[in-house]
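Colleague: In order, the protein sequence lines correspond to chains S and B. According to my numbering, the first sequence is numbered sequentially starting from -8. According to my numbering, the second sequence is numbered sequentially starting from 4. C-beta: ideal position from N, C-alpha, C; glycine also. Please read through the structure below; I'll follow up with questions.
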Amino acid sequence: MLKIDEYIPVVGASVIDDLKLLAEHLRGRTVQHVNSTSVGGGVAEILNRMVPLLNELGVMTKWDVIKGGDQFYQVTKKFHNVLHGRSDEVTKQDFNIFLEISQQNISEMDTYGDIVFVHDPQPIALIKKKKDNKWIWRCHIDISNPHVEVWEFLKSFVFDYDATVFSAPVFSQPLPVRQFLIAPSIDPLSDKNRELPPETIDAVLKKHNIAPDKPIITQISRFDRFKDPLGVIEAYRQVKRYNDCQLILAGGGASDDPEGVKVLEEVKEKAREDPDIHVLLLPQNDLEVNALQRASTVIVQKSIKEGFGLTVSEALWKAKPVVASNVGGIPLQITHKFSGLLCNSIEGAAFALKQLLNSPAYAKRLGENGREHIRNNFLLTRHLKEYMLLFLSLYHGEDVVYL
Amino acid sequence: MPQLIKAKEPFRFSTRLHLTELTGLKAGNLREFLQLIKKVPGSSIYHHTHRFLQQHQFYSPEPPNDFAYWVRTVLGENKLAEQLASIDTIQYATIRALRDKITAVLEGYLNNYPLAKQKFANEGEEFHFRKSVSFVLPTHFVVQDLREFTEALEKITIDSIYFHIFEARLRLEKGKNDFSNWIETSLGDKKLADAITRLDPYTYSMEDLRKTLIRLVKSRLS
């Protein structure tokens, strides 16, 4: 388990000192995080890191998980998709299932925290248990174009929260509740992001028959249409006319996602005749993802739609030049031509990739700028700071607070 | 080496940490933008003219602000963007005065180039007005003389430098910065205090500002 002082070499002692100073003002308060799963997914990943660190800082932090069941999670998965703007039919029965299971959780769960921090829609109805404690609703997804009925339904719960949190302004909706902006973050010391010795990287390349001496373009993502892996192959082919290079498309396991399996098959079919395209299924293998990112010449994230897109931060942290779509939270991570290149099409991606392959000094500069941008804005320490400030804001309504 | 003078009152470094809050207000064109510039809270004007400095401070030392950035990159109004970016922020002692200047620049531009009102941001590229909620905390750095002051300058966060140089003089409507104030009143060194006051902090990156402050103090010490 990592300790807070281990982040000093990464961010500096004064940043850690500030975290300790802030934590002093939260002594005596208990923060209770509630979400729908303790394993898998970005929320669990971040809470696994943050909860022990907050406790080490002296902020009593607990983490509880609601009960659901298959039917409930089918409904909330549907809610998730339609909130993201995908079209699907949401029935009265879906709402009834949600309310029924929510009522069970309301009956059974003890919401003891001075601050109850609810993540995403699944536990949202717990707000009915609000007494004299403070409640925060953290929305991790992009609800800029939500299914109207589902959003109206969820909004009725949101109104009773003391504060809400979104990752980007464009993800939010008008609400009569304070809305704070807190972006997600990466942990620079995790297996996915820490420094790796060259031999580890070489071993991973060897394992997957990837030539270490030919330029590598990589996209790390689930095999999902919104990540546009077929578009990435098209862009790679346009680059390949002029630059001899390899393409890696690597992502997590798709066995529990029927659509993912189909997309993976389509990708394999499209890549079939080119030995320089490596399609890799990497179930939850953070070290291999890390090694592949570090071995790459350029990282691409050509999503059609994206939530925040933390894979971009991961790549930038490794000082890699990145070509990414101008969607979702990606423009918050990349300033075009300063810390990466943004694209809007297959041709645009291909053009940017060629630029970076042909101008390694420029690519290096972009990558280095990107790394510094991530250091200043998207590391776990910033996230810890902002969560603690958020907790304090619940007790102070003014714009300038003297502690 | 001149004798080290002990301060009448020690200087305690504070730091300012901020949280970003959405106002719920957004603009898709210059007309809406101007209306909202006049209406948003002062903490929003502050946020968009000062936050950029911290988050992009290593890119370049100029003070481009969120307003100029959006006008240039989304609306493509380069001339207006330059006018906004060139506002001499240091000469405005209050956020109110800074807002008035931004408003005057926008109104002047729209009078001279009325066609600019017809440019619209694409969906998803509107300007979302945010504001800063600032938390001011005293740190453990307390100094009694210029040597301790230099040592602390090397260690404090840029948030702390920010607070004592920018926030103190502008957002909280103090005339000078905290460092110059302490150096003059507690150490009696008006020359050094004036040298620090004369800096235009908006034209430095944060780390360059730190180095410049340290250099000024060290050369005074020697």
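For S/I177 and S/W308, which I take to be in contact (beta-carbon distance under 8 Å), what is that distance rounded to the nearest angstrom?
Modeller: Rounded, the Cβ-Cβ distance is 6 Å, consistent with contact.
Colleague: Checking contacts by CB at 8 Å: is B/T153 closer than that to chain S?
Modeller: So, not an interface residue.
Colleague: Using DSSP's beta-bridge definition, name the partner residues of B/E145.
Modeller: The question names Glu, but residue 145 of chain B in the sequence shown is Val. B/V145 is bridged to B/R15.
Colleague: Put B/S208 into one of helix, strand or coil per three-state DSSP.
Modeller: Coil.
Colleague: Give a yes or no on whether the minimum CB-CB distance between S/Q284 and chain B is below 8 Å.
Modeller: Not closer than 8 Å to any Cβ of chain B, the Cβ of S/Q284 fails to qualify, so no.
Colleague: For a contact meaning CB atoms closer than 8 Å, what does B/L25 contact in chain S?
Modeller: Going along chain S in sequence order, the residues near B/L25 (Cβ under 8 Å) are F157, P160, S163, Q170, F171 and L172.
Colleague: Can you list, in chain order, the residues of its chain whose CB lies under 6 Å from that of S/A226, leaving out five sequence neighbours each side?
Modeller: Excluding sequence neighbours, S/A226 sits near I337, A340 and A341.
Colleague: Counting only Cβ pairs nearer than 8 Å, list the residues of chain B close to S/V6.
Modeller: T160, listed in chain order.
Colleague: Sorted by chain position, which residues of the same chain lie with C-beta nearer than 6 Å to S/I268's C-beta, five sequence neighbours on each side aside?
Modeller: Excluding residues within five positions, the ones whose Cβ falls inside 6 Å are L238 and A262.
Colleague: If you run the structure through DSSP and keep just helix, strand and coil, what is S/Y393?
Modeller: If DSSP states are grouped into helix, strand and coil, S/Y393 belongs with the strands.
Colleague: Per DSSP, what kind of secondary structure is S/M41 in: helix, strand or coil?
Modeller: Helix, per DSSP.
Colleague: By how many angstroms is the C-alpha of S/R169 removed from the C-alpha of S/K355?
Modeller: S/K355 and S/R169: Cα-Cα distance of roughly 41 Å.
Colleague: For S/Y103, would you say it is in contact with chain B, using Cβ-to-Cβ distances shorter than 8 Å as the test?
Modeller: So, not an interface residue.
Colleague: Assuming S/D219 and B/T142 form a contact by the criterion Cβ under 8 Å, report the distance between their Cβ atoms to the nearest whole angstrom.
Modeller: So it is not a contact: roughly 47 Å between Cβ atoms.
Colleague: Please report the straight-line C-alpha distance between B/N184 and S/L13, rounded to a whole angstrom.
Modeller: In a straight line, the C-alpha of B/N184 is about 27 Å away from that of S/L13.
Colleague: Would you please state the rounded distance, in angstroms, between the beta carbons of S/V1 and S/F382? I believe it to be under 8 Å.
Modeller: Contact flag wrong, Cβ pair sits at about 24 Å.
Colleague: So if I threshold CB-CB distances at 8 Å, which residues from the region 5 to 33 of chain S count as touching chain B?
Modeller: Result list: S5, V6, D8, D9, L12, L13 and H16.
Colleague: Output needed for B/V74: all residues of its chain with C-beta closer than 7 Å, excluding positions within five of it in sequence on either side, in chain order.
Modeller: Excluding positions up to five away in sequence, the list reads E80, L83, A84 and L87.
Colleague: Decide if S/P137 is buried, meaning its Cβ has at least 16 other Cβ atoms within 10 Å, or exposed.
Modeller: Buried, because 16 or more other Cβ atoms sit within 10 Å of the Cβ of S/P137.
Colleague: Assuming S/G59 and S/I37 make a contact with CB atoms under 8 Å, what is their CB distance in whole Å?
Modeller: With a Cβ gap of about 20 Å, S/G59 and S/I37 do not count as contacting.
Colleague: For S/Y233, does the count of other Cβ atoms within 10 angstroms reach 16, so buried, or fall short, so exposed?
Modeller: Per the 10 Å Cβ criterion, exposed.
Colleague: Quick one: which unbroken alpha helix (DSSP H) runs of 4-plus residues sit fully inside the region 65 to 140 of chain S? Chain order, please.
Modeller: List check, alpha helix (DSSP H) in window: 83 to 99.
Colleague: Ordered along the chain, which non-local residues of its own chain (more than five positions away) have a Cβ less than 7 Å from that of B/L39?
Modeller: So the list reads L28, A30 and F132, once near-sequence residues are dropped.
Colleague: Hey, would you say S/V270 sits closer than 8 Å to S/L221, going by beta carbons?
Modeller: No, the pair does not count as a contact, with Cβ atoms beyond the cut-off.
Colleague: Could you check the C-alpha separation between S/R362 and S/S98 for me, to the nearest Å?
Modeller: Their Cα atoms are separated by approximately 47 Å.
Colleague: Take S/S29 and list the residues in its own chain whose beta-carbon comes closer than 7 Å to its own, dropping the five residues that flank it on each side.
Modeller: Only A35 and V56 meet the Cβ criterion.
Colleague: By DSSP, does S/M379 sit in helix, in strand, or in coil?
Modeller: Note: S/M379 maps to helix in three-state DSSP.
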